[in-house]
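According to the UniProt record's numbering, the sequence shown is numbered sequentially starting from 1.
Only one structure is covered here, and it is reproduced in the block below.
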Amino acid sequence: MTEINDQLLEQFFQPAKAVKVEDNGFTERVMRKVPYNAVCLSHLWTLFCVLLGIVAFVVFVGWQPIFRGILTLLNTNIGDLHPVPIFMTAGVLISLAVVELVQKMERLQI
Numbered sequence: 001m002t003e004i005n006d007q008l009l010e011q012f013f014q015p016a017k018a019v020k021v022e023d024n025g026f027t028e029r030v031m032r033k034v035p036y037n038a039v040c041l042s043h044l045w046t047l048f049c050v051l052l053g054i055v056a057f058v059v060f061v062g063w064q065p066i067f068r069g070i071l072t073l074l075n076t077n078i079g080d081l082h083p084v085p086i087f088m089t090a091g092v093l094i095s096l097a098v099v100e101l102v103q104k105m106e107r108l109q110i
């Protein structure tokens, strides 16, 4: 039922896709009137969260597990590692990279 509704809506709005509505600068005027405080508050909230993360990293000594993991990797014989997780991880990372590349190409309309 939902697919039928989606198709009907798509058919209904199809002619309107090609129509460009001139707004005589209305959109720009509205965006200029958006309160600067809201944007500033958003930036301040992001800064606060980043600083809180840095403080938590320092307080909970977050670098120790990272260094421990790096040392474990360096001290491990490469032959001891099972290849399946490595290939799975590589596959996931390559898939994510391809998806990101496709999305960027769609945005740039390449």
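A virtual CB, placed ideally from N, CA and C, is assigned to each residue, including glycine.
Model, not experiment: these values are computed from the prediction.
Shown here, V19 sits in coil according to DSSP, grouped into three states, outside any helix or strand.
The beta carbon of P65 sits closer than 6 Å to none of the beta carbons in its chain outside the five residues before and after it. Shown here, T76 sits in coil according to DSSP, grouped into three states, outside any helix or strand. Collapsing the DSSP output to three states places V92 in a helix.
For H43, the secondary structure class from DSSP, reduced to helix, strand or coil, is helix.
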